[in-house]
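Notes follow the structure.
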Amino acid sequence: MRRIASFIFALLIGIAAHAAIDPFEFDNESQRERYQHFIEEMRCPKCQNQNLAGSDAPIANDLRHELRRLLQEGKSDREITDYMVSRYGEFILYKPPFDTKTAVLWLAPIIFLSVGVIVLITVVRRRSAAQALPELTIDEQARLRQLLQDEQQVTLKNDNNRRAEPW
Amino acid sequence: MQRFKLFIPLIAFIVLAVFFFAVQKQIGSGDYNPENMPSALLNKSLPQFQLPDVQSGATIAADVLKNKIALVNVWATWCPSCYYEHPYLMTLAQQGVVILGVDYKDEPEKAQQWLQEKGNPYIAVLDDRVGKLGLDLGVTGAPETYVIDRRGIVRLRYQGPLEQRVWDETFKPLLEKLQNENSGG
């Protein structure tokens, strides 16, 4: 039983390792990493929301080949991004540069977060304000002191007479 | 005021529902297609190319369109919408519209057969079997049609098959404008 289990486990490891291998060969590891980064960060122009890594569309396949070619030609990251944007527009970038067109896109999370924080602070403040008691006037303070003193005396008395009611 | 606050989620829901419904309706009627993107080439020069003609094999370069207002039509025999579009391109060619064909990622033999059987509306058909020109144009599929003005500048990109309605709504007004643009100078 154990041997079968370990055999199956070994098979699974094999599959995982195979899935991780890209069909492309690269000159070095940094090229492969850059390639991975590009296909993760670039959007397939034909698809609405899939990156180049995840898409099976023919155009995504072409662009993956093109990326590999550009990387092997020794193009810089900047040159590759410009190359793609000049053909497919900023649509292809999952992280477009900040400008007037994309300002809403970039700023919306910050704006929503700030609105949320402001609402939270207001609610919390209002609630704690409702719970806080108004300050006592001098007369009331005097009365309170009097009451507390009386209470103390009662307690003392009770302490002296331990047979009082067990409360 | 307190009562009004209770209705905020409902109001937000209605606003969103109306918005999504309207977008969906526009997609349904074909007025809006989220896949249609403005070309990155708009108002820029058509990319340079030097490709063989599918039929004659002669090298064709960008100067075939020199001083011409022309359409560049990207098509392929593997593209179903291109079958639908082809008769309309024939009509346009008969009306004297200059159309340069780009046979995109296709087998030239099939393209030759297509042109023989169905007619050839193009002044030339570029054999772009590796899709290099398609890539430079930012083509995402076929058919796609570009309008090029006399100076070789891309003025319109249209994704999808050409037909009478599209022609009347989008192409005709633009071509008329382009005709007038240069006739004065």
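Read top to bottom, the protein sequences are chains X and S.
Under my numbering, the first residue of the first sequence carries the number 261, and numbering increases by one thereafter.
Under my numbering, the first residue of the second sequence carries the number 906, and numbering increases by one thereafter.
In this text, a Cβ means the ideal position worked out from N, Cα and C, and glycines have one as well.
Looking at the C-beta of residue 917 of chain S, does it have a partner C-beta in chain X at a distance below 8 angstroms?
no
If I measure Cβ to Cβ from residue 1071 of chain S and keep anything under 8 angstroms in the same chain, skipping five residues before and after, which residues do I get?
1063 and 1065
In whole angstroms, give me the CA-to-CA distance for residue 305 of chain X and residue 348 of chain X.
7 angstroms
What does residue 1041 of chain S touch in chain X if you count any residue whose Cβ is under 7 angstroms from its own?
347
Please state whether DSSP places residue 415 of chain X in a helix, a strand or coil.
helix
Note down the Cα distance separating residue 298 of chain X from residue 327 of chain X, rounded to an integer number of angstroms.
8 angstroms
Looking only at its chain, what residues have a beta carbon closer than 7 angstroms to the beta carbon of residue 994 of chain S, apart from the 5 residues adjacent to it on each side?
978, 1004, 1026 and 1067
Anything in chain S within Cβ reach of residue 358 of chain X, meaning under 9 angstroms, just list it in chain order.
What residue 358 of chain X touches in chain S: nothing, since even the nearest Cβ is about 19 angstroms away.
Could you spell out the range, first to last residue, of the beta strand (DSSP E) harbouring residue 1006 of chain S?
1003-1009
Measuring straight from C-alpha to C-alpha, what distance separates residue 934 of chain S and residue 321 of chain X?
31 angstroms
With residue 293 of chain X as the anchor, note down where its alpha helix (DSSP H) starts and where it stops.
289-301
Would you say residue 1031 of chain S and residue 974 of chain S are within 8 angstroms of each other, going by their C-beta atoms?
no
Pick helix, strand or coil for residue 1019 of chain S, following the three-state DSSP scheme.
helix
Suppose you measure from the CA of residue 371 of chain X to the CA of residue 362 of chain X; what does that come to, to the nearest Å?
14 angstroms
Three-state class that DSSP yields for residue 1057 of chain S in the structure shown:
coil
Extent of the continuous alpha helix (DSSP H) to which residue 956 of chain S belongs:
Counting along the chain, residue 956 of chain S falls outside any alpha helix (DSSP H), though it belongs to the beta strand (DSSP E) covering 955-957.
Below 8 angstroms, how does it come out for the stretch 936-950 of chain S and the stretch 1004-1024 of chain S: are there three or more Cβ pairs, yes or no?
no
Answer yes or no: does any C-beta atom of chain S fall closer than 8 angstroms to that of residue 355 of chain X?
no
Along chain S, in chain order, which residues have C-beta atoms closer than 7 angstroms to that of residue 322 of chain X?
1036 and 1040
Pop quiz: residue 1011 of chain S and residue 983 of chain S are said to be a contact at Cβ under 8 angstroms. What is the actual Cβ separation, rounded to whole angstroms?
7 angstroms
May I ask you to list the residues that DSSP assigns as paired with residue 965 of chain S?
S:956
Our contact map puts residue 311 of chain X next to residue 354 of chain X with C-beta atoms below 8 angstroms; I'd like the distance itself, whole angstroms only.
7 angstroms
Rounded to whole angstroms, what is the Cα-Cα separation between residue 281 of chain X and residue 1038 of chain S?
Reliability of the predicted coordinates at residue 281 of chain X is poor, the pLDDT of 44 falling under 50, and no value is obtained from them.
Taking the alpha carbon of residue 944 of chain S as the reference point, which residue from S:1033, S:1077 and S:1040 has its own alpha carbon closest?
S:1040
Tell me which residue opens and which closes the beta strand (DSSP E) that residue 377 of chain X is part of.
Looking at the DSSP string, residue 377 of chain X is not in any beta strand (DSSP E); the run it does join, the alpha helix (DSSP H), is 363-391.
As assigned by DSSP and simplified to three states, the class of residue 1079 of chain S
helix
Mind checking who residue 1064 of chain S pairs with in its DSSP beta bridge?
S:1049
Is the CB of residue 1046 of chain S under 8 angstroms away from at least one CB in chain X?
yes
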